[in-house]
Amino acid sequence: MKEAVRLREEGRHEEARERLLMLAEKEPDNAQIQFQCAWVHDSLGLEREAVPFYERALRLGLSGQDRQGALLGLGSTYRCLGEYEKAAAILEQGVRQFPGDRALQVFLAMALYNRNRHREAMEILLRLLADTTCDGSIRSYEKAIRFYLDKLDQTWE
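Letter by letter, the sequence shown follows residues 40 to 196 in the numbering used here.
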């Protein structure tokens, strides 16, 4: 598997895919191999083929950073395939399990947008902006940005 991961990291995705598919066939209950298979399929733009590998890897019990990556990968892949409800559900699960992962939050905001949950998506993105920006002009309005997070539809007369 190390060789296949190295090939993927070097951009030799098709070679990595061939090796990983052989490994996945030999060891169908190996969560790591399933995850790497999903990843390489995504890297090749084969999103639909990546889905079962992500699902199997998660079912088999990935943990830690690999679980985090698989949840983001599967959620993002569902979103790319137009399966917005599944995408939002997986990404919400990821955010619950890994609340500090800002990338998961960004992808969740995109999936929420696709589900016409614009207010929730904006809240997430504005919070992330307020939390992470180094831009001085935005920082000077941080208090106001945080105040309006959940009041985007409200007006004052």
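For each residue, glycine too, the CB sits at the ideal point set by N, CA and C.
Contacts around residue i, its chain only, beta-carbon distance under 6 Å, and the 5 residues preceding and following it disregarded
i: residue 43; result: 55, 58, 59
i: residue 105; result: 74
Same chain, Cβ closer than 8 Å to residue i, neighbours up to 5 away in sequence not counted
i: residue 52; result: 46, 79, 82, 83
i: residue 94; result: 113
Candidates the options, of which the one nearest residue i by Cα
i: residue 163; options: 175, 144, 156; result: 144
i: residue 92; options: 67, 149, 104; result: 67
i: residue 101; options: 77, 124, 158, 148; result: 77
i: residue 90; options: 125, 160, 69, 64; result: 125
i: residue 120; options: 136, 85, 141; result: 85
Buried versus exposed, by CB contacts within 10 Å (16 or more), residue i
i: residue 139; result: exposed
i: residue 112; result: buried
i: residue 87; result: exposed
i: residue 172; result: exposed
i: residue 118; result: buried
i: residue 116; result: buried
Close Cβ partners of residue i (< 7 Å) along its chain, the five nearest in sequence each way excluded
i: residue 96; result: 70, 73, 74, 77, 109
i: residue 99; result: 68, 70, 73
Inset, instruction - Kindly confirm or deny that the region 173–189 and the region 138–152 touch, where touching means at least three C-beta pairs closer than 8 Å. - result: no
Legend entry - Ordered list of beta strand (DSSP E) runs contained in the region 66–146, each at least 3 residues: none
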